[in-house]
Amino acid sequence: MIAPLQDAPFATGLTPWTRTLPEHISPTAAKAYLSCSLMFYFERVVCLRKKTPVALHLGKAVHAALQAFHLARWRGGDDSPETIAAVFEQSFTDLERDEGPVNYKNDAKREKTRIDGLRVIAAYLDSPEAMKEKPRAVEVMLTESIPGLSVPLTGAMDLVEGNYTPVDFKSASSKPDRSHAVFDHEIQLVSYQLLLETVGENPPSLDLVFLVKTKKPQTIRVRSKPADRHRKLRVIALLDTAVEGIASNRFHPQPGMHCSWCQFRNECMAWLPEAYQERRAA
Ligand code: SF4
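If you're matching positions, the sequence shown starts at 786 in my numbering and goes up one per residue.
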């Protein structure tokens, strides 16, 4: 448990989310918790405000544009490249206003980020991966009880194709390694399968579509087989590990590669469990 530290920014503000079972768990929250529980605490429990990372800002604006495209395909609306680019532009500035400031180094970086977004969206719309038919669902949010999981599972799927394949879109700066991508996103992909199965559908594939902002932008689909019983149980166990950790107020540093983009390095350095504070004071 994190003990109160007088000058630490995380000493106050514990929300009801801690010390009780969360109302539900999402694959995104579980993955964040399992990657570094202390970063999760700063971001999602005490909600420390920091400048938005550029990659996150770009990803959200690209996501808004793709959502507009898929909704237009679904409803038979305007899905022209010009309209979708305009949605991106609007979202890019709205997010800066509503969730900013964004951690740009300078104006040139902002402009490059904006152009990168327009380029990856144009590449997607021009690629064979761009949805040609009417999707089954867009931005579908499901919350369902899963046997073996102590709280309901919730997940928002970017797109569900006509044959019930869930598709999640990722913005990336380099080409993904296919097997690593599936392994890295296992909790999310299998969670979508569990949710779809709960409502009576069996997805034939669990897919990721990467929008890669290389010099020549690329759109790369990574397909993966539906999970067997072992994989499903493994993911349920991972989700429950996160639930149990959050409910037990267990947040501690987990140093790794993710520290290089963590915005809470100073707060992390102030972390010390209660028992060790007493030793420090002795
Ligand atoms: S610096 Fe590393 S260990 Fe510390 S909170 Fe951030 S990600 Fe976790």
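Built from N, CA and C at the ideal position, the CB exists for glycine as well.
Sorted by chain position, which residues of the same chain lie with C-beta nearer than 6 Å to residue i's C-beta, five sequence neighbours on each side aside?
i    : result
G902 : L843, A846, V847 and F873
L980 : L927, E929 and G940
G933 : I1021
L856 : V923
Please determine, among the options, the residue with the shortest C-alpha to C-alpha distance to residue i.
i     : options                      : result
F1001 : A815, E1063 and D911         : A quick correction: the sequence has Lys, not Phe, at residue 1001. Considering only alpha carbons, the answer is D911.
R921  : P951, P866 and A966          : P951
R1008 : K816, L974, Y1061 and E1063  : L974
S811  : I972, A966, D962 and Y909    : I972
T999  : D863, F877, T813 and T898    : T898
Y977  : S956, R963, R1006 and K1017  : K1017
S1045 : V967, G861, E1063 and P838   : P838
G1041 : R1050, S1033 and R1035       : R1050
R1014 : S1033, N1034, E982 and R1006 : E982
Q1048 : F854, F827 and T813          : F827
A840  : R1035, V830, Y889 and S964   : Y889
A966  : D879, R1006 and R1019        : R1006
V984  : H970, F968, R829 and L938    : L938
F854  : H970, Y909 and A1067         : Y909
L806  : S1033, G885, D879 and K894   : S1033
K813  : A1055, D969, R1065 and W1056 : What sits at residue 813 in the sequence shown is Thr, not Lys. Among A1055, D969, R1065 and W1056, the Cα nearest to that of T813 is on D969.
My guess is that residue i and residue j are in contact by the Cβ rule of under 8 Å, so how many angstroms apart are they, rounded?
i     : j     : result
E914  : T1004 : 5 Å
V936  : E1052 : With a Cβ gap of about 27 Å, V936 and E1052 do not count as contacting.
E986  : Y949  : 5 Å
P1069 : P1038 : Beyond the ends of the chain as shown, which are 786 and 1067, falls residue 1069; an answer cannot be given.
A815  : L1023 : 6 Å
K836  : V887  : 6 Å
M916  : R860  : About 13 Å; that fails the 8 Å criterion.
S865  : H1043 : Actually they do not touch by this definition, with Cβ atoms about 39 Å apart.
R1035 : S822  : 6 Å
By Cβ distance below 7 Å, which residues in the same chain neighbour residue i in space, the five residues on each side in sequence not counted?
i     : result
F954  : H848, L851, D943, V994 and L996
Y818  : F825, A1027, G1030 and I1031
E924  : Q852, A941 and D943
P794  : Low local confidence applies: a pLDDT of 39 at P794 is under 50, so the model's placement there is unreliable, with the coordinate-based value given in what follows. Result list for P794: L833 and E1052, in chain order.
P801  : Annotation note: pLDDT 46 at P801 (below 50); position unreliable, no value reported.
E946  : P920, R921 and V952
F877  : A846, R899 and G902
S958  : K998
D863  : A857
R895  : Y889
L880  : H842, K845 and A846
A1067 : none
G885  : T837
Within the same chain, show all residues whose beta-carbon is closer than 8 Å to that of residue i, passing over the 5 residues directly before and after it, in chain order.
i    : result
A870 : A850, L903, I906 and A907
R963 : V1007
Legend entry - In chain order, each alpha helix (DSSP H) run of at least 4 residues that lies wholly inside the stretch 980-1032: 1014-1032
Legend entry - Any beta strand (DSSP E) of 3 or more consecutive residues that is wholly inside the stretch 901-968: 922-929, 938-945 and 951-957
Legend entry - Neighbourhood of the ligand SF4 [Cβ distance below 6 Å to any heavy atom], ordered by chain position: C821, L823, M824, P1038, Q1039, P1040, H1043, C1044, C1047, F1049, R1050 and C1053
Legend entry - Sequence ranges, alpha helix (DSSP H) only - wholly within the stretch 811-864, length at least 4: 812-820, 822-825 and 839-860
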